[in-house]
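*Asks:* What follows is a single structure, and I will ask about it in a moment.
So, in structure tokens, the structure goes:
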């Protein structure tokens with residue numbers, strides 16, 4: 001199988017991370033997985049949600065959106081519709097949960113870190129690019145807060161899928177729309193899972209296929225974490 | 001490890017399915033996983049969403065809700081809040097996607113089948129009970145429509161998790177709140193996956209733990225499918 | 001005039017009340033007026049609305065909803081529409097006002113009792129079944145709170161109407177849709193009115209017709225109150 | 001009992017109706033019941049709701065609102081809150097149902113008449129003043145449409161209540177807030193009821209009290225209908 | 001050019017201000033610019049928005065709405081739509097900003113004055129009539145609060161525009177719909193601007209045209225301020 | 001007066017326009033006025049709003065938003081609040097109206113061009129940068145549609161204001177927050193106005209001050225139009 005952009009099945013797209021992309025934010029970057037581009041910021045607020053008040057523990061929460069023309073067809077703005085789609089809510093819950101798994105919240109103190117992932121151009125894999133970039137923005141904010149000891153581990157995410165029977169790493173939009181199975185994996189630098197989400201799109205998948213997808217994801221995530229470390233000079 | 005309700009780690013709670021529970025619906029049941037009780041209905045509408053018009057293909061979509069006092073603390077109604085929570089949207093997308101994977105939509109003709117899962121009492125595992133019961137309601141509706149040939153396979157769902165280092169099947173609410181890892185698996189009668197969703201709650205999980213959870217889920221789902229077949233007399 | 005279900009004009013449908021139907025709620029029942037089935041719960045919250053703070057007085061408020069497939073045609077969920085219909089709001093105001101008339105709120109202390117009436121199957125008379133069942137759930141909750149002295153009187157509700165010129169008690173859905181006049185009456189065990197709501201549906205009604213409807217309602221309510229007392233062992 | 005404004009118990013407040021108050025509307029008036037002032041308009045639209053399309057029948061629907069400073073304390077605008085209160089919805093349903101009972105909808109043709117009742121100053125009885133004024137606006141619009149044959153009967157509304165044990169006609173705000181029982185009656189010129197809505201506010205009420213309230217309402221409504229006829233020169 | 005209502009190009013419509021039109025409000029008037037009629041009220045609330053708490057300074061904010069049948073075609077109520085249109089928000093921000101420019105907010109103490117402008121009949125110039133009337137209502141409220149020293153200057157507003165190449169003062173609806181350029185000017189009694197808002201409707205406008213419009217607006221505003229003073233007996 | 005960034009009073013910030021910034025859009029650019037950065041896209045849709053159907057005429061409409069961390073303090077997303085602020089609505093109406101004034105809509109044919117202006121970093125002047133960049137995106141889309149003949153004139157916008165008595169061009173955020181008067185001007189290449197919006201922030205302004213602000217705006221806009229032409233190679 002030849003991929004439309006000439007990559008090998010186990011090859012990531014070109015990854016670029018521009019650190020400190022937004023001047024106001026405590027941490028920020030522009031992350032690019034090929035033509036997918038996401039602005040990620042981390043903002044620190046000196047208060048926590050009601051259920052944490054008085055516990056001394058902090059919180060990390062995430063919001064995700066796409067610019068209306070990030071996609072081939074212009075989409076209606078969620079602000080104009082007056083509500084978030086289910087897809088958006090699902091993605092922002094995933095980003096928040098993933099990042100919380102990589103941080104010791106009790107070491108933060110009573111602060112909330114707001115992660116914002118805004119997709120300015122989309123070509124597949126926006127949620128995995130968001131998690132990978134959001135970790136960088138978060139790390140940067142913790143660095144400024146002098147709280148790097150709260151970081152338990154580096155963390156990144158990648159998509160894998162089955163297209164025409166072949167297991168592929170880091171699907172672009174075209175591949176994603178043809179995929180029979182679609183999986184997103186979030187993993188830390190020790191190779192442990194924070195999230196595994198696999199969905200049959202066209203047909204159910206076997207245990208063997210699941211195993212092969214997890215292997216490929218694992219390889220891709222290790223490369224992404226190297227990239228994060230290089231940019232953050234760790 | 002002794003489970004609070006005395007079950008073995010690989011044991012389901014008592015499962016009860018009351019067929020044709022709601023007289024108006026084309027298909028319906030009351031499903032009980034221990035103290036978790038869900039009313040599932042399937043309603044047939046003679047039209048499809050815009051993106052399917054003229055294709056001859058049908059659609060299956062799902063809605064999920066809890067009665068305000070299904071839980072230990074009364075919750076605010078989503079209708080009173082004026083919008084759905086992210087959790088609700090995530091669950092209804094999961095139910096819809098799962099059921100669609102078990103049906104040949106092109107064999108339905110241009111109809112939409114609306115699945116409604118309303119939790120009247122909650123004790124953990126409401127989304128897996130919903131999928132398992134929704135399949136029964138859907139099957140029943142297809143039977144009345146004389147479209148059983150559209151069913152590709154039976155399908156059920158179960159939760160697994162890790163509590164205090166032990167892998168457990170079909171967590172109740174108390175176990176779920178203590179779980180370090182939480183996973184929902186949707187599988188067909190051939191043992192193929194429709195959905196795999198695992199989340200680190202307290203700590204990331206290893207590949208070996210993932211494998212043990214999938215094995216346990218597989219065992220539980222086969223028992224649930226036997227139960228479905230018995231009730232539907234297949 | 002022969003009623004479709006063979007009842008005499010002054011006869012109630014079969015009434016069933018299953019006490020303590022929902023395990024989490026302080027008070028609950030499943031009430032059935034024939035094929036109309038409503039889950040009623042009473043939930044106690046240790047605070048009152050702003051206008052009562054510091055008065056030592058309690059409050060009772062009600063919410064009402066129908067499952068989407070409680071009816072012959074599936075209805076759109078109010079949570080999905082993002083707002084309550086006028087009909088729903090009217091009914092929940094009626095339930096709340098009726099129950100408050102039967103209780104000495106100053107004897108409750110500063111607590112709010114939330115009444116939830118969720119119709120799982122509808123066949124006419126859902127609001128009167130809700131009030132009658134809600135009183136049972138409320139009574140049960142007051143019993144657990146050891147506040148039965150706050151109950152001023154038993155209370156129940158029934159519909160009456162004029163179909164084809166005949167005054168009928170406890171209309172089912174089919175009768176209700178043909179009714180020329182439709183009336184809901186809420187009354188206590190002393191025969192005093194809490195609410196009287198009569199509407200011309202097809203034609204205005206005379207004073208004499210009003211009197212005959214009130215007489216019939218009075219008879220039905222006394223029977224419903226006997227049923228409540230039997231279930232609650234009073 | 002001496003009423004705060006010196007009226008006899010069976011006496012209406014001064015009623016003023018200014019016909020054709022709004023130049024754009026097909027029918028309109030400003031109605032005043034003492035200090036309660038409501039602008040009522042009737043607007044004709046050449047289409048009907050979906051359930052009436054193709055039936056040849058028309059429809060009448062009503063909307064009701066108060067200016068924010070119609071009341072002693074400024075109220076939050078419903079447009080700013082983003083939704084209608086239950087009270088507003090209840091009142092607009094009541095106005096619409098009442099007017100429909102006075103008109104032969106099949107004689108209208110496929111048009112919708114929108115009734116708008118906007119309270120510019122409130123002093124009790126806003127819903128009964130609205131119905132009484134709305135009938136005048138509606139009549140005027142039918143006159144312009146040359147459809148007066150659709151009017152079955154004149155129609156007006158008044159409130160009655162029990163204050164300190166005395167049955168009073170047409171309660172002002174101060175009386176209304178002290179009332180033990182509150183009732184709104186809508187009646188046609190033949191003395192037939194379109195609506196009867198009585199609520200125990202402080203205590204339940206007896207059948208004898210109900211009868212006395214209905215008698216008083218009947219007297220008041222006949223006086224209001226005379227006033228309507230005088231203004232409309234019938 | 002002959003104006004449809006016979007006015008000279010630099011002539012205002014007949015202006016009427018009925019003081020104290022709403023009995024409950026601290027300040028109120030009904031203002032009429034020809035057939036445009038607006039009820040303006042000022043309501044005093046003993047608290048300020050969060051950003052002013054503890055500063056000793058007050059606030060003035062405005063809301064604006066039209067009755068549904070204020071216009072030739074009935075409009076959908078914003079309360080029924082569940083949100084404000086952009087036009088409404090723009091107008092209420094303009095009214096609030098204009099009035100704040102005429103008052104020394106630090107002299108008010110920590111109170112909010114809510115201005116409500118409700119258009120009961122519209123014939124062009126509703127925003128300028130609203131500002132002119134709102135100033136009167138505000139002045140009246142400050143008089144009752146014994147805070148007239150907070151008034152820096154009288155303030156009024158008028159529209160000007162270019163129709164068929166002629167610069168006109170105080171456009172009515174018909175003129176407004178034909179205008180090539182439309183401008184609203186808010187000015188104090190010293191001839192200083194609070195707001196200047198000019199928009200090309202059909203074609204851009206030159207600096208010379210802008211100057212001529214400002215001259216005309218200035219003339220009209222001085223006449224409106226005389227009218228305000230006469231009514232307020234200053 | 002020395003400006004914080006060392007500019008002369010009549011000097012623009014550095015302006016950068018990156019053409020074709022978003023690959024999916026028919027026209028797009030990233031525009032920078034100093035640290036203010038806005039992504040502008042133009043999207044062509046082959047239909048028009050209802051009021052234009054069948055007229056052969058096209059439409060241009062605009063939407064505007066800020067990323068939550070475009071500002072020094074993170075703002076709540078409008079999509080999360082469920083509605084647009086008044087400020088946002090005002091700005092998007094301004095952008096749409098301005099662009100429509102520069103295009104012959106009858107030459108477009110029945111298409112709608114959606115303009116999206118998304119501020120990724122804000123430092124004052126976001127609405128004027130949006131209009132200036134949106135014109136570039138629009139021009140580019142018309143070029144691809146081969147409809148450049150619909151362009152009547154180039155168009156740009158700039159802010160002017162009075163700070164400490166000095167009239168300044170193109171205010172940054174710090175200057176904007178101290179400004180006594182704030183004005184936005186939209187002008188075409190012939191020096192004609194599309195929009196003039198001046199507001200007294202701290203004090204009213206005189207006719208002479210207005211004149212000086214308009215002169216300065218005129219100078220700035222001519223420079224911006226040169227920049228647009230250079231980038232578009234006209």
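Protein chains in written order, with full-length UniProt numbering: chain A, 1 to 234; chain B, 1 to 234; chain C, 1 to 234; chain D, 1 to 234; chain E, 1 to 234; chain F, 1 to 234.
Note that CB positions come from ideal geometry on N, CA and C, so glycine has one too.
All values derive from a computational prediction rather than experimental measurement.
Closest Cβ-Cβ distance between residue 204 of chain E and chain F: below 8 Å?
*Replies:* yes
*Asks:* Are the C-beta of residue 219 of chain A and some C-beta of chain F separated by less than 8 Å?
*Replies:* no
*Asks:* With the cut-off set at 8 Å, would you say residue 202 of chain B and residue 180 of chain B are in Cβ contact?
*Replies:* yes
*Asks:* Could you have a look at residue 119 of chain C and say whether DSSP puts it in helix, strand or coil?
*Replies:* strand
*Asks:* In the DSSP assignment, what are the bridge partners of residue 177 of chain E?
*Replies:* Answer is none; residue 177 of chain E lacks a bridge partner.
*Asks:* Give the straight-line distance between the Cα atoms of residue 48 of chain D and residue 93 of chain C, rounded to the nearest whole angstrom.
*Replies:* 30 Å
*Asks:* Evaluate residue 8 of chain A with the Cβ neighbour count: other Cβ atoms within 10 Å of its Cβ, from every protein chain shown; 16 or more gives buried, anything less gives exposed.
*Replies:* exposed
*Asks:* What distance in whole Å lies between the Cβ atoms of residue 184 of chain A and residue 128 of chain A, which are believed to be in contact at a cut-off of 8 Å?
*Replies:* 6 Å
*Asks:* Which of the three DSSP states, helix, strand or coil, is assigned to residue 16 of chain E?
*Replies:* strand
*Asks:* List, in chain order, every chain E residue whose beta-carbon is nearer than 7 Å to that of residue 114 of chain D.
*Replies:* 74
*Asks:* Which runs of the alpha helix (DSSP H) at least 4 residues long sit entirely within the stretch 80 to 157 of chain B? Give them in chain order.
*Replies:* Those alpha helix (DSSP H) runs which fall completely within the stretch 80 to 157 of chain B and span 4+ residues are 86 to 101, 126 to 144.
*Asks:* Using alpha carbons as the reference points, say which of A/91, A/122, A/37 lies closest to residue 197 of chain A.
*Replies:* A/91
*Asks:* Closer than 8 Å by beta-carbon distance: list the chain C residues that pair up with residue 35 of chain B, in chain order.
*Replies:* 23
*Asks:* Find the nearest neighbour of residue 32 of chain A within the set A/21, A/101, A/17, judged by alpha-carbon distance.
*Replies:* A/17
*Asks:* Does DSSP put residue 30 of chain F in a helix, a strand or coil?
*Replies:* strand
*Asks:* Report yes or no: is there a C-beta of chain B within less than 8 Å of the C-beta of residue 154 of chain A?
*Replies:* Not an interface residue.
*Asks:* What number of angstroms, rounded off, separates the C-alpha of residue 12 of chain D from the C-alpha of residue 178 of chain D?
*Replies:* 18 Å
*Asks:* In chain order, what residues of the same chain have a beta carbon less than 7 Å from the beta carbon of residue 225 of chain E, not counting five sequence neighbours either side?
*Replies:* 154, 156, 189.
*Asks:* Do residue 115 of chain C and residue 150 of chain C have their beta-carbon atoms positioned less than 8 Å apart in this structure?
*Replies:* Contact: no.
*Asks:* Short of 8 Å in beta carbon distance, which residues of its chain neighbour residue 146 of chain B, apart from the five on each side in sequence? Order them along the chain.
*Replies:* Nothing listed; no residue qualifies.
*Asks:* Taking only the alpha-carbon atoms, compute the straight-line gap between residue 41 of chain A and residue 126 of chain F and give it to the nearest angstrom.
*Replies:* 20 Å
*Asks:* Three or more beta-carbon pairs under 8 Å between the stretch 205 to 221 of chain A and the stretch 103 to 113 of chain B, yes or no?
*Replies:* no
*Asks:* Using DSSP bridges, identify the partner residues of residue 45 of chain E.
*Replies:* E/112
*Asks:* Quick one: any contact between the stretch 49 to 61 of chain B and the stretch 55 to 66 of chain C, if contact means 3 or more CB pairs under 8 Å?
*Replies:* no
*Asks:* At 8 Å on the CB atoms, spell out the chain B contacts of residue 43 of chain C, in chain order.
*Replies:* 68, 69, 74
*Asks:* Answer with yes or no whether the minimum CB distance from residue 198 of chain A to chain B is below 8 Å.
*Replies:* It does; some Cβ of chain B falls within 8 Å.
*Asks:* Exposed or buried, what is residue 123 of chain A when buried is set at 16 or more other beta-carbons lying within 10 Å of its beta-carbon?
*Replies:* With 16 or more other Cβ atoms within 10 Å, it is buried.
*Asks:* Secondary structure at residue 161 of chain E, three-state DSSP: helix, strand or coil?
*Replies:* If DSSP states are grouped into helix, strand and coil, residue 161 of chain E belongs with the strands.
*Asks:* Quick check on this structure: which residue in F/144, F/78, F/140 has the alpha carbon closest to the alpha carbon of residue 118 of chain F?
*Replies:* F/78
*Asks:* Please tell me whether residue 127 of chain F has its Cβ less than 8 Å away from any Cβ of chain E.
*Replies:* no
*Asks:* Can you tell me the Cα-Cα spacing of residue 88 of chain E and residue 81 of chain E, whole angstroms?
*Replies:* 13 Å
*Asks:* For residue 39 of chain A, would you say it is in contact with chain F, using Cβ-to-Cβ distances shorter than 8 Å as the test?
*Replies:* yes
*Asks:* Roughly how many angstroms lie between the CA atoms of residue 214 of chain A and residue 22 of chain C, to the nearest whole one?
*Replies:* Answer to the nearest angstrom: the Cα atoms are 43 Å apart.
*Asks:* In whole angstroms, give me the CA-to-CA distance for residue 194 of chain B and residue 140 of chain F.
*Replies:* 46 Å
*Asks:* Along chain A, which residues have their Cβ under 7 Å away from the Cβ of residue 51 of chain B?
*Replies:* The premise fails here: residue 51 of chain B is roughly 12 Å from chain A at the closest Cβ pair, so nothing lies under 7 Å.
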